[in-house]
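Colleague: The structure follows.
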Amino acid sequence: MDESGGSGQPRSGNDRATDRHEGQPPRTDPSHSEATPDTTGSGPAPEEQAPAEDAHGRDTGAKPSDASDSSGSSDGSVSPGVSGTPDPSGTPEPPAGRAPAAPRGRTEASSGNTGGGAGTGAGGPRGPRRPKDPGGGLLMGRPFGVPVYVAPSWFLVAALITWVFGGQLDRVLPELGAARYLVSLFFAVAFYASVLVHELAHTVAALRFKLPVRRIQLQFFGGVSEIEKEAETPGREFVLAFVGPLLSLVLAGVFYLAMSPVEPGTVPGVLLAGLMISNLIVAAFNLLPGLPLDGGRMLRAVVWKITGTPMSGTVAAAWVGRALAIAVLIGLPLLTQTGALGGDPEDIGGMDTVTDALLAAILAAIIWTGAGNSLRMARLREHLPELRARALTRRAVPVETDTPLSEALRRANEVGARALVVVDAEGEPLSLVREAAIVGVPEHRRPWVAVSGLAQDLTEGMRVSAELSGEELLDVLRATPATEYLVVEDTGAIYGVLSAADVERAFVRAMARPS
């Protein structure tokens, strides 16, 4: 059946007719589809799991697993707190269904920036479906409509800052006694408030450019602003990255001016000095020209402008980021040992050396991972246009609600279709017969099972245009998680059925394909 329209017959998808025995469910034709699973009675492919069903056998939309993006590398500052924002290359995610076993980062993989980096919540593919509330810790509020979360790891860093800064206060203000830890805790909270301002700068700029922001998260080494789309021009990319360090510099200046009327050596004076220095460190570190830091995004924008291709900018900034990671790993301990960062080298003992080396290793790992994720997701973004609804769609045959499953499968096998659409008397689609449900019906029962009992009702979000492709297609599928979607022409005629599993396989293959 190659026509669509008044007859109710769907237009041919990517399948051709093959010889099948009557009563056998439609099978996959590998030569004409993007890895579509076999729907024979043999059951689903080993790597697939049947979707969860409610008491009526309908798909609940639940999926076996959500692989989350762990590449939230921070553009971290060398101080205990850093803020970050994932790459503005908006991390595309696979549609609802099983999560592909691929790492995720910012957009270019959602890698976070320590010390505040601009970017998009990207990351290697994250869980295939995105909940309405992204979560990520303790919800603190929704400035500008963007949820702000404090991750559990923040409390660990807050305790560390309280302990370290408290020890410094004991030398500067010994008369405080145990109260120094209360003052130190206040410093930790105030510093992360500065990091939040840094992230809000990225968020406001993104919203100004009409880029959606999924959330802001304060975490171990700072903060992450998850911007879900890539900036359209290198100029906007540059501005989006620069506003974070700029706000940190402004805050450092504000704290410096606030020190003027305050007497040095007092609690307010020490707090203001500490906040001024911390914001300077955050700004300076994030301006380093390597991904995933803000400076790396600025370098990417410059190379993008010169070459005309964002991929060239990503490659250049990512490799500079990897060089920075090595420099931090080796250089930070050497600088502290020589006293270049302040202090007497003779006073630096074994524990200080271990602490410096550990801090350098963590920061280097964050930067290296973020740079790698940026490269990986940029490569994926290059291949995203290959995901086309029309090419991935399975041919479908329309059947009425009371049609026995065996008869519906016979009709599908005759024309080489691999999906069933339940229609009313006028040929209007009502629901989709789920592939997993067909597999679960023994062959001897199929003549007595009506297709309507195995179908999932169509919702508006389950109707997909045959013209969709790339990230636009993924966005539509993520908005309405399901296992199958009805693909229609612009005229409303049935084109076929799109399986989320097919799209996910194509997504993973695109990510593995070299540039």
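Counting along the sequence shown from 1, when you hit position 478 you're at 478 in the UniProt record's numbering, and nothing is skipped either side. Every residue gets a Cβ at the ideal spot worked out from N, C-alpha and C, and that includes glycine. In this text the structure is predicted, and so the values were computed from the model without any measurement.
Do Met462 and Leu486 have their CB atoms nearer than 7 Å?
Modeller: Closer than 7 Å, so yes.
Colleague: Could you tell me which uninterrupted alpha helix (DSSP H) segments, each at least 4 residues in length, are contained entirely in the segment 348 to 387, listed from first to last along the chain?
Modeller: Correct list: 350 to 383.
Colleague: Skipping 5 residues on each side, what residues in its chain have a beta carbon closer than 8 Å to that of Pro333?
Modeller: Excluding residues within five positions, the ones whose Cβ falls inside 8 Å are Thr353, Asp356, Ala357 and Ala360.
Colleague: With burial defined as no fewer than 16 other Cβ atoms inside 10 Å of the residue's Cβ, what is the status of Thr338: buried or exposed?
Modeller: It counts as exposed.
Colleague: Am I right that Leu387 and Gly470 are in contact with their C-beta atoms under 8 Å? What's the rounded C-beta distance?
Modeller: Sure, about 6 Å apart at Cβ, within 8 Å.
Colleague: How far does the beta strand (DSSP E) with Gly230 in it extend, from its first residue to its last?
Modeller: Note that residue 230 is Glu in the sequence shown here, rather than Gly. Careful: Glu230 lies outside any beta strand (DSSP E) and carries neither H nor E.
Colleague: Have a look at Ala417, Ala371, Ala159 and Leu156 and flag the residue whose alpha-carbon is nearest the alpha-carbon of Gly321.
Modeller: Ranking the options by Cα distance to Gly321, first place goes to Ala371.
Colleague: With H, G and I counted as helix, E and B as strand and the rest as coil, what does DSSP make of Pro481?
Modeller: Residue state, collapsed to three classes: coil.
Colleague: Is the beta carbon of Leu420 less than 7 Å from the beta carbon of Glu484?
Modeller: No.
Colleague: If the criterion is Cβ atoms closer than 7 Å, does the pair Leu498 and Val464 meet it?
Modeller: Against a cut-off of 7 Å, the Cβ pair of Val464 and Leu498 comes out as a contact.
Colleague: What's the call for Phe144, buried or exposed, on a 16-neighbour Cβ count within 10 Å?
Modeller: With fewer than 16 other Cβ atoms within 10 Å, it is exposed.
Colleague: With a CB to CB cut of under 6 Å and the five nearest residues on each side skipped, what residues in its chain are close to Lys305?
Modeller: Hits under 6 Å: Pro234.
Colleague: Could you check the C-alpha separation between Val150 and Gly440 for me, to the nearest Å?
Modeller: In a straight line, the C-alpha of Val150 is about 44 Å away from that of Gly440.
Colleague: Could you check whether Thr309 and Arg300 sit closer than 7 Å to each other, using their CB atoms as the reference points?
Modeller: Result no, Cβ atoms of Arg300 and Thr309 do not sit closer than 7 Å.
Colleague: How many whole angstroms separate the CB atoms of Phe220 and Ser312, which I take to be in contact at a CB cut-off of 8 Å?
Modeller: Between Ser312 and Phe220 the Cβ distance is about 32 Å, and since that is not below 8 Å, they are no contact.
Colleague: If I measure Cβ to Cβ from Leu324 and keep anything under 6 Å in the same chain, skipping five residues before and after, which residues do I get?
Modeller: Closer than 6 Å at Cβ, skipping near neighbours: Leu288, Gly290 and Ile367.
Colleague: Check the C-beta distance from Arg410 over to Val399 and give it rounded, since I have them as a contact under 8 Å.
Modeller: In fact, because the Cβ distance is near 10 Å, the residues do not count as touching under 8 Å.
Colleague: Just verifying my parser: in three-state terms, what is the DSSP assignment at Arg395?
Modeller: Reduced to three states, the DSSP call for Arg395 is coil.
Colleague: Do you know how far the Cα of Leu182 is from the Cα of Ala283?
Modeller: About 27 Å.
Colleague: Can you list, in chain order, the residues of its chain whose CB lies under 6 Å from that of Ala280, leaving out five sequence neighbours each side?
Modeller: A small fix is needed here, since residue 280 is Leu in this sequence, not Ala. Result list for Leu280: Ala252, in chain order.
Colleague: Do you know how far the Cα of Val397 is from the Cα of Val224?
Modeller: Using only the alpha carbons, I get a separation of about 47 Å.
Colleague: Going by the beta-carbon positions, is the gap between Val195 and Gly222 smaller than 7 Å?
Modeller: Yes, these two residues count as a Cβ contact at 7 Å.
Colleague: Which ranges would you report for the beta strand (DSSP E) in the segment 413 to 474 if only whole runs of at least 3 residues count?
Modeller: Whole beta strand (DSSP E) segments, 3+ residues: 419 to 423, 429 to 433, 455 to 457 and 463 to 465.
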